[in-house]
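Structure, as structure tokens:
Number of protein chains: 2
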Amino acid sequence: MRQPLFMGVDGGATRTRARLRDAQGRQLGEGAAGASNARFKDSAFAEVLKACRAAADEAGLDEGDLSRVHAGFGLAGTQQAWDRDFILAQPHPFASVVVDTDAYAAYLGACGDRDGAILIVGTGFAGLAVINGERITVGGWGDDIADEGSGMMIGRNAIRRSIWAMEGMAPLTPLAEAVLARFDNDAAKAVEWAERATPGDYGSFAPAVFEHAARRDALAMPILEEAARDVTRAIARLLELGAPTVAMIGGVFPEILPWLAPPYRDVCVAPESDAADGAILMAKNAFAERKLA
Amino acid sequence: MRQPLFMGVDGGATRTRARLRDAQGRQLGEGAAGASNARFKDSAFAEVLKACRAAADEAGLDEGDLSRVHAGFGLAGTQQAWDRDFILAQPHPFASVVVDTDAYAAYLGACGDRDGAILIVGTGFAGLAVINGERITVGGWGDDIADEGSGMMIGRNAIRRSIWAMEGMAPLTPLAEAVLARFDNDAAKAVEWAERATPGDYGSFAPAVFEHAARRDALAMPILEEAARDVTRAIARLLELGAPTVAMIGGVFPEILPWLAPPYRDVCVAPESDAADGAILMAKNAFAERKLA
């Protein structure tokens with residue numbers, strides 16, 4: 001009998017990554033593709049398959065070999081059963097498919113099967129604790145009414161306070177000058193830009209805030225102090241729920257980490273592995289359950 | 001020769017008011033109509049005419065009498081010359097028409113022709129100082145990147161912090177319960193609502209924040225303390241520019257006033273009159289200039 005193989009997919013609003021491992025955990029190949037948030041429906045599934053086939057190609061497998069592959073898809077936008085069911089209803093070449101959220105895949109990658117918590121601080125912001133097998137989310141409600149502490153919010157606050165500076169309501173620091181220069185020092189251009197701006201567009205201002213704060217910029221400092229309070233609020237809650245540590249996910253988390261107070265900083269840990277490996281664990285767990293059943 | 005009459009129009013994103021006075025300042029009639037933000041183009045001008053004709057009707061004037069009327073239109077959305085020019089290019093039945101922003105009309109109504117400042121704190125937020133005839137704006141950049149201190153922002157913060165409370169990151173106070181009840185205690189419903197919400201929709205939560213804060217609600221207090229800081233920042237700037245006092249405009253300003261520190265509270269004054277009377281002053285000033293020229 002041919003050995004089973006395991007494919008893990010980490011799919012979000014901007015890109016999809018797939019990784020193939022054998023039953024012993026050896027990595028055979030990796031692949032990437034475009035956005036696969038499940039809300040994108042058909043195009044999301046097409047990108048997932050594209051990333052998987054790229055990983056299979058790298059492993060030297062042909063289409064027929066995919067029937068040996070048990071796949072786990074960790075996809076953004078699959079909180080709702082009907083979105084998961086849409087993905088599960090698509091025809092596929094694999095031996096089996098399981099679907100869950102990208103956050104759950106990130107948790108499995110970060111913590112393995114043990115109780116624990118992850119906190120995503122990137123362009124967006126969301127936490128997940130798994131305690132006694134029960135999942136509890138913290139945040140993740142998007143940029144209109146939540147996502148405090150995210151790169152998006154840090155960038156938005158930089159624009160907000162730079163306009164204060166332009167109008168004489170805050171010090172015109174180097175950060176303010178750098179931000180305003182991107183709008184030709186014209187607040188009306190910032191208003192026009194904001195009408196079309198995505199969370200990622202706002203987040204693109206976050207690196208400048210960290211750079212200027214490192215030089216004690218008077219406008220940058222309170223932005224990061226506020227972001228640190230927002231991150232701390234979520235960490236405190238994840239600990240209170242029973243998580244022993246909080247795994248740091250997302251590009252902004254390592255940057256904000258030194259701004260946290262020691263008792264919170266010290267419980268933040270690097271994830272054991274990533275969401276693609278978490279998705280592989282999803283596929284393996286489902287495979288093991290079927291073998292036992 | 002027939003005496004000139006003066007019509008003032010205050011037009012914004014939700015409604016239009018017109019008022020007719022004679023040269024001695026006696027009020028002859030008033031009228032109202034729908035939205036006339038100049039960005040609405042033809043429909044804005046149609047609503048302006050509708051409000052003016054209603055005021056003329058109340059004064060007992062017929063269409064021919066409108067040729068005695070000098071009109072001043074204070075309209076939102078006329079910051080840009082091309083938007084003003086569009087309004088001025090429309091055919092009209094009046095002896096003359098001048099157009100300016102609703103904020104300038106509000107300043108003229110509040111301060112007459114003297115140096116001074118207004119601050120609008122309603123659903124939105126914007127300040128205007130006129131010093132030695134020069135106009136300086138403060139804020140007014142909309143809800144994406146500005147409008148801190150507005151009813152919109154107070155409402156948004158109430159939703160934000162109520163979700164914190166729901167998730168165990170803030171005290172579940174009576175304000176939080178009231179806000180969450182409007183979303184059936186389901187944050188996903190708040191996310192869906194926020195996708196379509198207007199600034200006015202957010203602002204509709206502000207009265208509840210003031211009510212609960214009056215009873216020292218632990219969630220409402222910091223929201224209003226933050227809003228008071230935002231309002232104070234603008235007042236401080238308007239004073240620094242040389243305004244002796246700041247006229248309070250907008251429904252939220254009287255509510256937040258008691259939250260300000262005394263040195264700022266004490267310079268806030270009731271406007272002498274409203275933007276419709278300011279627009280009448282615009283029309284009279286233009287008429288006087290032509291007579292002198």
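For the record, the sequence lines run as chains A and B. Mapping to UniProt numbering: the first sequence position 35 is 35, numbers consecutive. Mapping to UniProt numbering: the second sequence position 156 is 156, numbers consecutive. Cβ coordinates follow ideal geometry from the N, Cα and C atoms, glycine included.
Counted within 10 angstroms of its Cβ, other Cβ atoms place residue i as buried (16 or more) or exposed
| i | result |
| --- | --- |
| residue 82(B) | exposed |
| residue 37(B) | buried |
| residue 296(A) | Lying before the first or after the last residue shown, residue 296(A) is absent from chain A, which here runs from 1 to 293. |
| residue 292(B) | exposed |
| residue 156(B) | buried |
| residue 167(B) | buried |
| residue 43(A) | exposed |
| residue 198(A) | exposed |
| residue 148(A) | buried |
| residue 67(B) | exposed |
| residue 47(B) | buried |
| residue 217(B) | buried |
| residue 84(A) | buried |
| residue 88(B) | exposed |
| residue 133(A) | exposed |
| residue 188(A) | exposed |
| residue 60(B) | exposed |
| residue 25(B) | exposed |
| residue 31(B) | buried |
| residue 112(B) | exposed |
| residue 100(B) | buried |
| residue 290(B) | exposed |
CB contact check: residue i to chain B, cutoff 8 Å
| i | result |
| --- | --- |
| residue 191(A) | yes |
| residue 12(A) | no |
| residue 233(A) | yes |
| residue 129(A) | no |
Cβ distance (whole Å) where residue i is taken to contact residue j below 8 Å
| i | j | result |
| --- | --- | --- |
| residue 105(A) | residue 282(A) | 6 Å |
| residue 248(A) | residue 128(A) | The Cβ separation is near 13 Å, so there is no contact. |
| residue 179(B) | residue 158(B) | 5 Å |
| residue 17(B) | residue 6(B) | The Cβ separation is near 15 Å, so there is no contact. |
| residue 163(A) | residue 145(B) | 7 Å |
| residue 109(A) | residue 255(A) | About 21 Å; that fails the 8 Å criterion. |
| residue 349(A) | residue 13(A) | Outside the modelled stretch of chain A, which goes from 1 to 293, sits residue 349(A), for which no answer is possible. |
| residue 232(B) | residue 260(B) | 6 Å |
| residue 171(B) | residue 219(B) | 6 Å |
| residue 102(B) | residue 142(B) | About 15 Å; that fails the 8 Å criterion. |
| residue 8(B) | residue 19(B) | 5 Å |
| residue 94(A) | residue 69(A) | 5 Å |
| residue 125(A) | residue 150(A) | 4 Å |
Cutoff 8 Å: residue i Cβ touching any chain A Cβ
| i | result |
| --- | --- |
| residue 240(B) | yes |
Q: Please name the residues in the region 139–165 of chain B whose beta-carbon is closer than 8 Å to at least one beta-carbon of chain A, in chain order.
A: 139, 141, 142, 144, 145, 146, 148, 156, 159, 160, 163 and 164
Q: Could you run through the region 166–190 of chain B and flag, in chain order, every residue whose CB is less than 7 Å away from some CB of chain A?
A: 167, 168, 169, 187 and 190
**Q.** Runs of alpha helix (DSSP H) wholly within the region 209–262 of chain B (minimum 4 residues, chain order)
**A.** 220–240 and 253–256
Q | chain A contacts from the region 51–68 of chain B (Cβ-Cβ distance under 9 Å) | A | Residues passing the 9 Å Cβ filter: none.
Q: With 8 Å as the C-beta to C-beta threshold (strictly closer), list the residues of the region 194–219 of chain B near chain A in chain order.
A: The region 194–219 of chain B vs chain A, Cβ under 8 Å: 194, 195 and 197.
Q) Listed from N- to C-terminal order along the chain, which residues in the region 270–292 of chain A have their beta-carbon within a distance smaller than 9 Å of any beta-carbon of chain B? A) none
Q) Taking a cut of 9 Å between CB atoms, which residues from the region 237–265 of chain B lie near chain A? A) 237, 240 and 241
**Q.** Whole runs of the alpha helix (DSSP H) within the region 67–126 of chain A, excluding any shorter than 4 residues
**A.** 81–88 and 102–111
Q: Return the chain-ordered ranges of every beta strand (DSSP E) run that is complete within the region 172–206 of chain B and spans a minimum of 3 residues.
A: none
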